[in-house]
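*Asks:* Chains A and B are the protein sequences, given in the same order.
Under full-length UniProt numbering, the first residue of the first sequence is numbered 1, with each subsequent residue one higher.
Under full-length UniProt numbering, the first residue of the second sequence is numbered 1, with each subsequent residue one higher.
2 protein chains.
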Amino acid sequence: MATPLRIALAGLGTVGAGVIRLLEANGALIERRAGRPIQITAVSARDRTKDRGVDLSPYAWEDDMTAMAARDDVDVVVELVGGSDGPALTLARNTLQSGKSLVTANKAMIAHHGLSLAQSAEAQGVALKYEAAVAGGIPVVKGMREGAAANVIERIYGILNGTCNYVLSTMEDTGRDFDDVLKEAQDLGYAEADPGFDIDGVDAAHKLSILASIAFGTRLDFQAVDMIGITRVRAADIAQAASLGYVIRLIGMADVDHDDEGARLLQRVQPYLVPLDHPLAAVDGPTNAVVAEGNFVGRLLFQGAGAGDGPTASAVMADIIDIARGELGAPFSIPVAELEEMPRADAGHRISRTYLRFIVADRPGVLAEITAAMRDAGVSIESLIQKGEPANGDDVLVAIVTHEAPEHCITEALKLLEGSASITEPPLVMRLLGS
Amino acid sequence: MATPLRIALAGLGTVGAGVIRLLEANGALIERRAGRPIQITAVSARDRTKDRGVDLSPYAWEDDMTAMAARDDVDVVVELVGGSDGPALTLARNTLQSGKSLVTANKAMIAHHGLSLAQSAEAQGVALKYEAAVAGGIPVVKGMREGAAANVIERIYGILNGTCNYVLSTMEDTGRDFDDVLKEAQDLGYAEADPGFDIDGVDAAHKLSILASIAFGTRLDFQAVDMIGITRVRAADIAQAASLGYVIRLIGMADVDHDDEGARLLQRVQPYLVPLDHPLAAVDGPTNAVVAEGNFVGRLLFQGAGAGDGPTASAVMADIIDIARGELGAPFSIPVAELEEMPRADAGHRISRTYLRFIVADRPGVLAEITAAMRDAGVSIESLIQKGEPANGDDVLVAIVTHEAPEHCITEALKLLEGSASITEPPLVMRLLGS
């Protein structure tokens with residue numbers, strides 16, 4: 001019989017238990033595909049006594065998970081603890097330094113420390129794999145690292161956070177407002193009690209920065225991601241978007257500017273208006289989807305479940321199978337030392353149609369003030385809707401869609417309106433995604 | 001410098017020239033991702049003098065392409081000649097037997113001879129790779145072989161032929177009839193002068209049989225694919241489908257029946273009615289898309305360009321990069337000797353809603369005859385539309401959608417109607433895809 005690949009599992013939450021269930025259910029098939037048995041030898045979690053619905057008795061128990069890196073009976077450590085630093089990072093470092101491979105679902109840790117971990121893996125000739133860290137069960141890390149490897153990637157973007165997509169698509173389906181839908185999502189377990197990581201765009205930004213590094217061959221740079229979350233999107237915005245033939249989706253997008261000063265990387269997470277005929281418009285609920293545009297392959301779309309124990313366990317196990325098959329290549333497709341350090345692009349010259357929503361006092365001259373600012377900034381208005389009914393106390397909503405305009409002109413128009421007594425809350429700005 | 005991987009290219013049609021252009025355009029990037037240079041050393045095609053828009057002078061020329069298998073300066077032969085047998089197969093066999101890896105875009109050859117070629121590759125410890133043979137640029141072979149490898153696949157289906165999808169979606173957009181749109185597709189180069197391979201479903205069946213083997217771990221069995229093409233789909237069928245909230249797509253679908261007698265494989269290529277809220281309904285033009293449903297990952301969707309020189313060259317080069325990285329694993333995910341021989345399933349007990357379209361003489365009693373046959377076969381009618389205007393000479397069209405019924409009941413109803421003087425051409429039967 002072929003030598004088993006021996007696994008230690010750190011973290012026995014829903015995903016960790018899911019990995020055990022997956023191996024129980026599909027173990028024989030996995031062995032045939034991997035060419036050798038995959039055996040869990042040791043596990044570790046905070047509470048040994050908790051009932052997780054799986055039998056832990058076959059496995060050695062470690063109270064201190066970082067000790068798993070030193071075990072002789074372990075080839076691969078699977079880190080499912082979470083957190084960008086702390087014990088997860090210590091375990092990851094120890095594992096790689098001791099010449100074992102690491103598989104992780106930890107997007108925060110990869111976004112913050114992926115390069116140093118990858119260097120450690122490369123130095124030791126072991127694998128660092130993190131398919132489950134991006135878009136749950138969708139094999140998009142593999143798709144970019146290998147499937148699209150022959151291409152210069154021109155743009156990569158997608159729906160990377162299931163919680164936000166659930167909230168936005170539920171608002172769309174029900175007409176209900178943000179706070180209401182978020183609360184329901186929390187009650188249903190789709191959103192965390194502290195939802196900031198999701199709704200402020202941090203989680204999507206983690207994933208985007210990882211994808212961008214693989215796609216563009218650049219040094220992973222999470223700090224350079226511009227983030228705007230979805231907390232300020234109202235039911236009225238979704239209704240306005242619908243009347244224009246758009247839905248609103250939180251999208252992470254990255255591409256590269258080339259000009260005389262060289263290449264610059266733009267990474268951002270923002271709510272966009274997505275036209276109904278775009279494949280991302282049909283992505284509802286907690287589903288994730290990633291679009292990659294390559295110079296030879298054209299547009300690729302990868303779609304599937306962005307979270308959940310089953311899909312995440314599937315991605316974790318795909319990484320383990322790769323390792324069992326001997327596929328241990330560079331974690332970011334190109335060795336870390338060869339990744340390009342690319343400065344952050346300024347988005348000011350980017351041209352797009354833009355949705356601007358104002359909440360204004362319902363009094364004479366407000367529209368004149370807004371439209372004058374747009375004119376003075378050189379922004380041409382395609383459509384303007386002022387809703388009759390009050391949107392906030394006595395205040396009313398004004399929604400504008402501009403013709404194509406550089407972003408710096410939009411910024412300038414908003415600057416001209418700063419301090420206006422008529423505008424009662426900061427305007428909401430969302431770009432329209434092209435088809 | 002790392003040792004170059006040396007490539008011989010057999011076939012310099014649009015895809016072969018595309019591979020050369022891809023390497024010219026993206027060679028430096030590909031070298032970084034592959035970890036070593038990819039060098040074309042020799043090329044072969046029928047006509048040496050033809051202008052292909054690429055410079056062939058750097059490469060050795062072979063008049064006899066099968067000779068490339070014996071060259072000392074070649075590590076990988078890329079077969080882009082086509083045809084299930086003949087010189088392509090000879091080259092493939094010689095290449096593998098001489099211990100070189102083979103990359104091919106040849107779906108017919110893989111569908112007919114994939115297993116024997118894979119055995120030869122396994123025996124020699126070299127790679128047989130064929131990403132470009134299925135769904136053009138979409139990395140779905142990799143997605144199934146590796147990305148979804150931890151799953152029992154419950155069903156795999158998709159839009160696998162761009163020509164058919166172009167014809168059907170153009171009929172849908174324009175209301176024009178089949179012959180008219182096919183002719184236009186031929187004029188535009190989207191369909192072959194002899195379109196049978198595409199429109200009769202053979203090409204989709206080649207691809208489906210390959211995907212099914214990887215997905216289910218079964219011996220590739222192209223002969224067992226049931227095929228119904230799109231030649232009998234009329235504009236009126238598309239209009240009827242639209243009125244019900246469906247579009248018509250040619251879909252290849254495979255799944256496994258489990259009963260007391262063991263597992264049986266159902267593979268078929270048929271036009272289906274696809275509900276508008278299904279991701280495949282939005283797949284227009286020559287785009288391909290594959291859905292795989294796994295027991296842990298849930299539903300995965302892979303979508304992209306199904307043909308064309310750029311996308312196909314991208315898939316070919318992804319295989320070459322894999323080989324350069326040392327990824328040479330079993331061509332069908334599991335070694336050929338371990339693939340299961342699975343008998344063909346009988347579809348009779350499958351339950352679905354079904355669309356039946358009759359062309360009938362416009363005279364009294366026709367509807368009574370049809371509806372009586374349905375009743376006698378135990379098929380319940382959900383909706384029935386008889387169009388007033390003539391569909392064919394004086395004959396008129398009757399379209400029926402049934403409630404869920406086993407396929408053998410539908411077959412029985414049609415048998416009862418066989419030889420009816422009122423029904424002037426064989427009925428068209430299409431199943432409705434679930435959401």
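Idealized CB from N, CA, C, for every residue including glycine.
State yes or no: is the beta carbon of Ala-28 (chain A) nearer than 8 Å to at least one beta carbon in chain B?
*Replies:* If you number the first sequence from 1, residue 28 (chain A) lands on position 28. By this cut-off, Ala-28 (chain A) is not an interface position.
*Asks:* Would you grab the beta carbon distance between residue 439 (chain A) and Phe-222 (chain A) for me? Rounded to a whole angstrom, and I think it's under 8 Å.
*Replies:* The structure shown does not extend to residue 439 (chain A), since chain A is modelled only from 1 to 435, so the question has no answer here.
*Asks:* Just to make sure I have the definition right: I need the residues of chain B whose C-beta is within less than 7 Å of the C-beta of Met-317 (chain A). Which are they?
*Replies:* Locating residue 317 (chain A) in the first sequence gives position 317, where the first residue counts as 1. Ala-150, listed in chain order.
*Asks:* Got a sec: which bits of the segment 297-318 of chain A sit with their beta carbon under 7 Å from any beta carbon on chain B, in order along the chain?
*Replies:* Closer than 7 Å at the C-beta level to chain B, one finds these residues of the segment 297-318 of chain A: Val-297, Gly-298, Arg-299, Leu-300, Leu-301, Phe-302, Gln-303, Gly-304, Ala-305, Gly-310, Pro-311, Ala-313, Ser-314, Met-317, Ala-318.
*Asks:* Using C-beta distances below 8 Å, list every residue in its chain close to Ala-34 (chain A), excluding the 5 sequence neighbours before and after it, in chain order.
*Replies:* On the first sequence, position 34 is the one that residue 34 (chain A) refers to. Cβ within range, chain order: Leu-5, Ile-320, Ile-321, Ala-324, Arg-325.
*Asks:* Would you kindly check if the distance between the Cβ of Pro-275 (chain A) and the Cβ of Leu-356 (chain A) is under 8 Å?
*Replies:* Locating residue 356 (chain A) in the first sequence gives position 356, where the first residue counts as 1. Locating residue 275 (chain A) in the first sequence gives position 275, where the first residue counts as 1. Cβ atoms of Leu-356 (chain A) and Pro-275 (chain A): not closer than 8 Å.
*Asks:* Between the C-alpha atoms of Thr-218 (chain B) and Ala-127 (chain B), what's the straight-line distance to the nearest angstrom?
*Replies:* Position 218 of the second sequence, counted from the start, is the residue given in the question as residue 218 (chain B). Position 127 of the second sequence, counted from the start, is the residue given in the question as residue 127 (chain B). In a straight line, the C-alpha of Thr-218 (chain B) is about 20 Å away from that of Ala-127 (chain B).
*Asks:* How long is the line joining the alpha carbons of Ala-88 (chain B) and His-112 (chain B), rounded to whole angstroms?
*Replies:* Counting from one through the second sequence, the residue named residue 88 (chain B) turns up at place 88. Counting from one through the second sequence, the residue named residue 112 (chain B) turns up at place 112. The straight-line gap from Cα to Cα measures roughly 12 Å.
*Asks:* Starting from the beta carbon of Gly-294 (chain A), find every residue of chain B whose beta carbon is closer than 7 Å, and list them in chain order.
*Replies:* Reading the first sequence from its first residue, position 294 is the one you call residue 294 (chain A). Chain B residues near Gly-294 (chain A): Ser-314.
*Asks:* Please confirm whether Val-291 (chain B) and Leu-301 (chain B) have their CB atoms less than 8 Å apart.
*Replies:* Position 291 of the second sequence holds residue 291 (chain B). Position 301 of the second sequence holds residue 301 (chain B). Taking 8 Å as the Cβ cut-off, Val-291 (chain B) and Leu-301 (chain B) qualify as a contacting pair.
*Asks:* Relative to the C-alpha of Val-396 (chain A), which candidate in A:Ile-423, A:Ala-413, A:Gly-378 has its C-alpha closest?
*Replies:* The residue you call residue 396 (chain A) lines up with position 396 of the first sequence. Of A:Ile-423, A:Ala-413, A:Gly-378, the residue nearest in Cα terms is A:Ile-423.
*Asks:* If you measure beta-carbon to beta-carbon, which residues of the segment 105-121 of chain B are closer than 7 Å to chain A?
*Replies:* none
*Asks:* To the nearest angstrom, report how far apart Ala-67 (chain B) and Glu-79 (chain B) are at their CA atoms.
*Replies:* Residue 67 (chain B) sits at position 67 when you count from the first residue of the second sequence. Residue 79 (chain B) sits at position 79 when you count from the first residue of the second sequence. Whole-angstrom Cα-Cα distance: 13 Å.
*Asks:* Spatial neighbours of Ala-345 (chain B) within its chain, please: CB distance less than 7 Å, with the 5 preceding and 5 following residues excluded, ordered by chain position.
*Replies:* Within the second sequence, the letter at position 345 stands for residue 345 (chain B). The residues are Asp-257, Arg-264, Leu-265, Leu-266.
*Asks:* If you measure between the beta carbons of Gln-240 (chain B) and Ala-45 (chain B), is that distance less than 8 Å?
*Replies:* Taking the second sequence and counting its residues from 1, the one referred to as residue 240 (chain B) is at position 240. Taking the second sequence and counting its residues from 1, the one referred to as residue 45 (chain B) is at position 45. No.
*Asks:* Looking only at its chain, what residues have a beta carbon closer than 7 Å to the beta carbon of Val-54 (chain B), apart from the 5 residues adjacent to it on each side?
*Replies:* Taking the first residue of the second sequence as 1, we reach residue 54 (chain B) at position 54. Excluding positions up to five away in sequence, the list reads Ala-17, Ile-20, Arg-21.
*Asks:* Can you list the residues of chain B that Ala-282 (chain A) reaches, using a CB-CB cut of under 7 Å?
*Replies:* Position 282 of the first sequence, counted from the start, is the residue given in the question as residue 282 (chain A). Ordered by position in chain B, the residues that pass the 7 Å Cβ test against Ala-282 (chain A) are Pro-279, Ala-282.
*Asks:* Is it buried or exposed for residue 452 (chain B), if we count other Cβ within 10 angstroms and need 16 for buried?
*Replies:* The question about residue 452 (chain B) has no answer here: the residues shown for chain B are numbered 1 through 435.
*Asks:* Mind listing, in chain order, the continuous beta strand (DSSP E) runs of no fewer than 3 residues lying wholly within the segment 131-203 of chain A?
*Replies:* 153-159
*Asks:* Quick one: what does DSSP say Glu-407 (chain A) is sitting in, helix, strand or coil?
*Replies:* As a working note, residue 407 (chain A) is residue 407 in the first sequence. Shown here, Glu-407 (chain A) sits in a helix according to DSSP, grouped into three states.
*Asks:* Going by Cα to Cα distance, which pick from A:Val-336, A:Met-342, A:Ala-193 is closest to Asp-259 (chain A)?
*Replies:* The sequence position of residue 259 (chain A) within the first sequence is 259, counting from 1. Selected option, being the one with the closest Cα: A:Met-342.
*Asks:* Looking at the structure shown, is Phe-216 (chain B) part of a helix, part of a strand, or coil, going by DSSP?
*Replies:* Locating residue 216 (chain B) in the second sequence gives position 216, where the first residue counts as 1. Helix.
*Asks:* Residue ranges of each beta strand (DSSP E) run of no fewer than 3 residues wholly in the segment 47-91 of chain B, ordered along the chain?
*Replies:* 76-79
*Asks:* Under 6 Å Cβ to Cβ from Asp-348 (chain A), same chain only, skipping five residues before and after it: list those, please.
*Replies:* Here residue 348 (chain A) refers to the residue found at position 348 when the first sequence is read from its first residue. A small fix is needed here, since residue 348 (chain A) is Gly in this sequence, not Asp. These residues qualify, in order along the chain: Glu-407, His-408.
*Asks:* Does the separation of the CB atoms of Ile-30 (chain B) and Ala-150 (chain A) fall below 8 Å?
*Replies:* Translated into the one-based positions of the second sequence, residue 30 (chain B) becomes position 30. Translated into the one-based positions of the first sequence, residue 150 (chain A) becomes position 150. Yes.
*Asks:* Do we get a CB-CB distance below 8 Å when we pair Asp-322 (chain A) with the residues of chain B?
*Replies:* By 1-based counting over the first sequence, the position of residue 322 (chain A) is 322. Against chain B, the CB of Asp-322 (chain A) has a partner CB under 8 Å away; the residue lies at that interface.
*Asks:* How far does the beta strand (DSSP E) with Ser-44 (chain B) in it reach, from first residue to last?
*Replies:* In the second sequence, residue 44 (chain B) corresponds to position 44, counting from 1. First-last of the beta strand (DSSP E) with Ser-44 (chain B): 38-44.
*Asks:* Can you look up Asp-394 (chain A) in the DSSP assignment and give me helix, strand or coil?
*Replies:* For this step, residue 394 (chain A) is matched to residue 394 along the first sequence. Note: Asp-394 (chain A) maps to coil in three-state DSSP.
*Asks:* Is there a Cβ from chain B that is less than 8 Å from the Cβ of Ala-25 (chain A)?
*Replies:* Reading the first sequence from its first residue, position 25 is the one you call residue 25 (chain A). Ala-25 (chain A) counts as touching chain B.
*Asks:* Helix, strand or coil: which one does DSSP assign to Asp-319 (chain B)?
*Replies:* Counted from its first residue, the second sequence places residue 319 (chain B) at position 319. Residue state, collapsed to three classes: helix.
*Asks:* What whole-angstrom Cβ distance do Tyr-166 (chain A) and Gly-252 (chain A) have, given they're in contact under 8 Å?
*Replies:* In the first sequence, residue 166 (chain A) corresponds to position 166, counting from 1. In the first sequence, residue 252 (chain A) corresponds to position 252, counting from 1. Contact between Tyr-166 (chain A) and Gly-252 (chain A) is ruled out by a C-beta separation of about 16 Å, above the 8 Å threshold.
*Asks:* Assuming the contact rule is C-beta atoms closer than 8 Å, residue 508 (chain A) and Gly-294 (chain A) should be a hit. Round their C-beta distance to whole Å, please.
*Replies:* The structure shown does not extend to residue 508 (chain A), since chain A is modelled only from 1 through 435, so no value can be given for it.
*Asks:* Distance cutoff 8 Å, beta carbons only. Does Leu-22 (chain B) sit that close to anything in chain A?
*Replies:* For the purposes of this step, residue 22 (chain B) is taken as the residue at position 22 of the second sequence. At least one C-beta of chain A is nearer than 8 Å to the C-beta of Leu-22 (chain B).
*Asks:* What residues match up with Ile-334 (chain B) in a beta bridge as DSSP calls it?
*Replies:* Along the second sequence, read from residue 1 onward, the residue named residue 334 (chain B) stands at position 334. BP columns for Ile-334 (chain B) are empty, so no partner.
*Asks:* Which of the three DSSP states, helix, strand or coil, is assigned to Leu-29 (chain B)?
*Replies:* For the purposes of this step, residue 29 (chain B) is identified with residue 29 of the second sequence, where counting begins at 1. The three-state secondary structure of Leu-29 (chain B), taken from DSSP, is helix.
*Asks:* Apart from the five residues on each side of it in sequence, which residues of its chain come closer than 7 Å, Cβ to Cβ, to Val-134 (chain B)?
*Replies:* Locating residue 134 (chain B) in the second sequence gives position 134, counting from the first residue. Excluding sequence neighbours, Val-134 (chain B) sits near Lys-107, Val-140, Val-141, Lys-207, Ile-210, Leu-211.
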